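In the numbering used here, the protein residues as written are 1059 to 1188.
Backbone N, C-alpha and C fix where the C-beta goes; we use that ideal spot for every residue, glycine too.
On a predicted model such as this, the values are computed, not experimentally measured, just so you know.
Take a look at the structure below.
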């Protein structure tokens, strides 16, 4: 069965699982648990329950054809980031991209490489050279 409908905003724990799935690709509960366990101990049943909730929320799909269910994200990492940024932009910054960018750049120091990439993107968006 494939869950349909709107994708809901993931929690911090769900984002950690999504990062594993984006990095590894389609995975079993055991594989996700092993990957998460590298940073901190995580129980199998905890990961299973979170993946079941994520399936119900529309964050992941599940292949039930084999003995072990295989989970994969419904959105690419880029699509999920865009969805979350749009939500943050609307809810916190009243739709102001300027305010979001200003806060992001003052909250954490950007590396010279990051700043160069930001300049290239701004040039591209303004119709300048890329």
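Quick one: Cα of residue 1082 to Cα of residue 1129, how far?
11 angstroms
Ends of the beta strand (DSSP E) at residue 1120?
1118-1121
Which of the three DSSP states, helix, strand or coil, is assigned to residue 1170?
Residue 1170 falls in the helix class under three-state DSSP.
Across the region 1141-1153 and the region 1094-1106, are there enough close Cβ pairs to call them in contact, namely three or more that are closer than 8 angstroms?
no
Do the CB positions of residue 1106 and residue 1087 come within less than 8 angstroms of each other?
The Cβ atoms of residue 1106 and residue 1087 lie closer than 8 angstroms to each other.
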